[in-house]
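A.B. asks:
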């Protein structure tokens, strides 16, 4: 049997030296750290100075393709990037679907590692053995759509393109890159890091193929998984609505906070402005799928009527984007919502991050912390005009918008005047889910402990736990994913209760695992149709390394410990895992009364209770309860002796 | 056997590449977009109204077979597929040039013509396309479906006229 999955090659690009190197991938190391996110952690640990300035030429971009990526296995499309993010200072990952990763893999590379700074604007072209650093002077100053179109014009539409928008060129760090105009990658400032390196874009097209050790076994497992999707009775509805099938959860069952975490977006307003019938008739014009995803949920949207008719956008997680524009910025009509999204997509502004900063700025203005002197003479409100005004300023990195565009950590320093009191963030990144509305489930808790910052979608959980669902389902899910019985007993110590902090660590592992092997999607809409054994089967069939689910789980626990260690070395510890103050204030809603921070079962939680949950989380992970740092025992058990020695030598562990 | 063909519905294609991945996997043992007998041509952002799947239509009067001086392309009477005899093919690519539909390609590893063989009568791409953008139909079935689509369109036009 031949070894498959891994392309067995690492591509190093030094932009300063204009040097391109290809080195073999150490397969033993690959098995130990799986690939994608896991191998990125390993390379970052070995090569990246933890104290590096994110904008320094010495900061590095690690891209990991994962062994399953680019195969026929369902949803085998997740590629992961890692760098030291300018918005938070954390060394952390971002993931994407889209065609870029598969084309790098099909070109013959598992990992791409970039460092240095080009003398003038460049882009990187990867086409099998042919890798070039190309002149991008004509692309500089162009937005995401223009850049992508120009590169397709030059190389052909079969190339996948990652572009940096205009904001990234000016080192705005509340930005994301776009793959083929649609898929977002690198929240927290990948475009700004690329901008600091004079790196405008990547294009990739591969023709080498991903070898599969046992094609028959992979085809059988693929078919089995596909049949589960096909036989799902509501399948057509999910395909029609894409992520907007979550509308009811947002509008009604759960909800989204507004006015900077002091109210909840009213249900009748959500139905009036953004109902799914209107979406189907007037907004959605097509569906976009990531490679081999059976539940393609990305949107091609186009405004049909009114002032903004013809405005067009390709968006991943459209529902999330609509909700943020709706609740945080209160932009109004669906058409204005899409118009604002299009501007963010073109410039590369991150809809998740920057809408939160706008929301915060409006409260600061209302409280008199900010005045017309700061805003350039305009009144800040929750509306379309303010949103576009601040977004345009952010893109140009001018005025108040320019200050906000550097994320919470920097903006708090620049604005001063006690503004931090109203800033809702963890480690400088905005949370997405309000635990007073949703209660503290896996995604909410993860926002506090995620080393990346309060970024919910990545590293969170496929368990979007609806507060009315039977907890038994979670136990079954964990068991199916190979969580050992003794851990299950700690998570579910008695009937009618479970410990969300302990559970969260395994939910995080699962997402980290998917991002490492390069298969799967963190959305429940895909993960619900997969079983734990699919992963060991598919991994074994593709790579030829017969590997059990338990072995895969051990490997991912190792990767996660290394991920934490990377950030310990960058200066993070328990002091940074802080529940935002505002979550402990009651949420007054216009239509649901007063909501307070509760656990899954509706029992109110105090800060002391939340600190106890943090204790449980660190204990479950084998990290020191006082410091949140992995213990010697945990690191040695994960076969990370060298990591322990390093942390001990640097004084992080006694 | 009764004539059957792969019927493509570009408006349903989300550009997920599942057909291409499975095609190259079952034929060549590896996943490789450039070795797939079916290909998705994307335009713009690659939405379901922007992608065009391309595959051999197993022509009734096949130009690829006509132009092949080696006689390497012939019809498999059991499946109806036009198949390449890789032993006879010399890799001259005339068939690639001649096919107006882009249905024949050149296998850059084997050095011979490469085209859809209908997977011995049970096409894998059809099974892997969960968006139902590829169907494998007899000409009767296709005809009925085409008429049905026409009837739906006419119905819509009547409805509009009546308003």
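Chains as they are written, first to last, in this note's numbering: chain A, 8 to 661; chain B, 439 to 601.
No residue lacks a Cβ here, since even glycine has one placed at the ideal position from N, Cα and C.
Only counting the same chain, and skipping five residues up and downstream in sequence, which positions put a Cβ closer than 6 Å to that of residue 415/A?
C.D. replies: For residue 415/A, where only same-chain residues beyond five positions count, the Cβ hits under 6 Å are 430, 432, 435.
A.B. asks: By the 7 Å beta-carbon criterion, what residues does the region 301-331 of chain A contribute toward chain B?
C.D. replies: Listed by position, the residues of the region 301-331 of chain A near chain B (Cβ gap below 7 Å) are 301, 303, 307, 321.
A.B. asks: Closer than 7 Å, Cβ to any Cβ of chain B: which residues of the region 65-81 of chain A, in chain order?
C.D. replies: Within the region 65-81 of chain A, the qualifying residues are 77, 78, 79.
A.B. asks: Apply the 10 Å Cβ neighbour rule to residue 490/A and answer buried if 16 or more other Cβ atoms are within range, or exposed otherwise.
C.D. replies: Its Cβ being crowded by 16 or more others within 10 Å, residue 490/A is buried.
A.B. asks: Between residue 189/A and chain B, is the shortest Cβ-Cβ distance under 8 Å, so that the two count as touching?
C.D. replies: Yes - at least one Cβ of chain B is within 8 Å of the one on residue 189/A.
A.B. asks: Bridge partners of residue 139/A, per DSSP?
C.D. replies: For residue 139/A, which the question treats as bridged, DSSP gives the partners 132/A.
A.B. asks: What separation, rounded to the nearest whole angstrom, lies between the Cα atoms of residue 291/A and residue 112/A?
C.D. replies: Going by the C-alpha atoms only, they are around 32 Å apart.
A.B. asks: Do you know how far the Cα of residue 28/A is from the Cα of residue 136/A?
C.D. replies: So the two alpha carbons sit approximately 11 Å from each other.
A.B. asks: Can you find a C-beta in chain B that's less than 8 Å from the C-beta of residue 113/A?
C.D. replies: For residue 113/A, the answer is yes, since a Cβ of chain B falls inside 8 Å of its Cβ.
A.B. asks: Looking at residue 66/A: is its Cβ nearer than 8 Å to the Cβ of residue 169/A?
C.D. replies: No; because the gap between Cβ atoms is not below 8 Å, this pair is not in contact.
A.B. asks: With 16 as the cutoff for other CB atoms within 10 Å, does residue 358/A come out buried or exposed?
C.D. replies: Burial call: buried.
A.B. asks: Report the start-end ranges of each alpha helix (DSSP H) in the region 266-326 of chain A that is 4 residues or longer and not cut off at the edges.
C.D. replies: Taking only runs of at least 4 residues, the alpha helix (DSSP H) segments lying wholly in the region 266-326 of chain A are 274-281.
A.B. asks: Against chain B, which members of the region 280-301 of chain A pass a CB distance test of less than 8 Å?
C.D. replies: Taking 8 Å as the Cβ-Cβ cut-off against chain B, the residues of the region 280-301 of chain A that qualify are 292, 293, 294, 295, 296, 297, 298, 299, 300, 301.
A.B. asks: If the cut-off is 8 Å on Cβ atoms, which residues from the region 217-237 of chain A count as contacting chain B, listed in chain order?
C.D. replies: The region 217-237 of chain A vs chain B, Cβ under 8 Å: 217, 218, 219, 222, 225, 226, 229, 230, 233, 236, 237.
A.B. asks: So, are the CB atoms of residue 443/B and residue 575/B less than 8 Å apart?
C.D. replies: Going by C-beta atoms, residue 443/B is nearer than 8 Å to residue 575/B.
A.B. asks: So that I know if they touch, is there some Cβ in chain D lying closer than 8 Å to that of residue 598/B?
C.D. replies: Among the protein chains of the structure shown, namely A and B, there is no chain D.
A.B. asks: I'd like the list of long-range same chain contacts for residue 194/A, defined as Cβ closer than 7 Å, with 5 residues on each side in sequence excluded.
C.D. replies: Around residue 194/A: 101, 183, 357, 359, 360, 462.
A.B. asks: Would you give the residue range spanned by the alpha helix (DSSP H) that residue 554/A belongs to?
C.D. replies: Neither: residue 554/A is in no alpha helix (DSSP H) and is coded neither H nor E.
A.B. asks: Is the number of C-beta pairs between the region 53-70 of chain A and the region 83-92 of chain A that are closer than 8 Å three or more?
C.D. replies: Short answer: they touch.
A.B. asks: Within this structure, are the beta carbons of residue 479/B and residue 469/B separated by less than 8 Å?
C.D. replies: Going by C-beta atoms, residue 479/B is not nearer than 8 Å to residue 469/B.
A.B. asks: Any C-beta of chain A sitting closer than 8 Å to the C-beta of residue 459/B?
C.D. replies: Yes - at least one Cβ of chain A is within 8 Å of the one on residue 459/B.
A.B. asks: Per DSSP, what kind of secondary structure is residue 511/A in: helix, strand or coil?
C.D. replies: Correct three-state label for residue 511/A: helix.
A.B. asks: Quick check on this structure: which residue in 295/A, 517/A, 316/A, 600/A has the alpha carbon closest to the alpha carbon of residue 444/A?
C.D. replies: Taking only the C-alpha atoms, the option nearest residue 444/A is 600/A.
A.B. asks: With residue 521/B and residue 508/B assumed to form a contact (beta carbons below 8 Å), what rounded beta-carbon distance in angstroms separates them?
C.D. replies: Not a contact, Cβ separation roughly 14 Å.
A.B. asks: DSSP three-state label for residue 91/A, please.
C.D. replies: Strand at residue 91/A.
A.B. asks: So, helix, strand or coil for residue 627/B, using DSSP?
C.D. replies: Residue 627/B is absent from the structure shown; chain B starts at 439 and stops at 601.
A.B. asks: Count the other CB atoms, across all protein chains shown, that sit within 10 Å of the CB of residue 477/B; report buried if there are 16 or more and exposed otherwise.
C.D. replies: Result: buried.
A.B. asks: Between residue 249/A and residue 304/A, which are expected to be in contact by the criterion C-beta below 8 Å, what is the C-beta distance as a whole number of angstroms?
C.D. replies: With a Cβ gap of about 4 Å, residue 249/A and residue 304/A count as contacting.
A.B. asks: If you draw a straight line from the C-alpha of residue 99/A to the C-alpha of residue 321/A, how long is it?
C.D. replies: So the two alpha carbons sit approximately 26 Å from each other.
A.B. asks: Below 8 Å on the Cβ atoms is my guess for residue 447/A versus residue 507/A; work out the distance and round it to an integer in Å.
C.D. replies: About 6 Å; that satisfies the 8 Å criterion.
A.B. asks: Just the C-alpha distance for residue 466/A and residue 24/A, rounded to the nearest angstrom, thanks.
C.D. replies: Reliability fails at residue 466/A, whose pLDDT of 49 lies under 50, so the model's placement of it is uncertain and the value that follows must be treated cautiously. Going by the C-alpha atoms only, they are around 34 Å apart.
A.B. asks: Please tell me whether residue 365/A and residue 407/A are closer than 8 Å, where the distance is taken between their beta carbons.
C.D. replies: Cβ atoms of residue 365/A and residue 407/A: not closer than 8 Å.
A.B. asks: What first and last residue would you give for the beta strand (DSSP E) that runs through residue 50/A?
C.D. replies: No beta strand (DSSP E) contains residue 50/A, which is instead part of the alpha helix (DSSP H) from 43-54.
A.B. asks: Could you name the residues of chain B that residue 214/A contacts, counting a contact when the two beta carbons are closer than 9 Å?
C.D. replies: Within chain B, the residues near residue 214/A are 470, 471, 472, 473, 546.
A.B. asks: For residue 559/B, decide whether its Cβ has a neighbour in chain A, counting only Cβ atoms nearer than 8 Å.
C.D. replies: Answer no: the Cβ-Cβ gap between residue 559/B and chain A never drops below 8 Å.
A.B. asks: Flag residue 607/B as yes if its beta-carbon sits less than 8 Å from any beta-carbon of chain A, otherwise no.
C.D. replies: In the structure as shown, chain B begins at 439 and stops at 601. Residue 607/B is therefore absent and cannot be evaluated.
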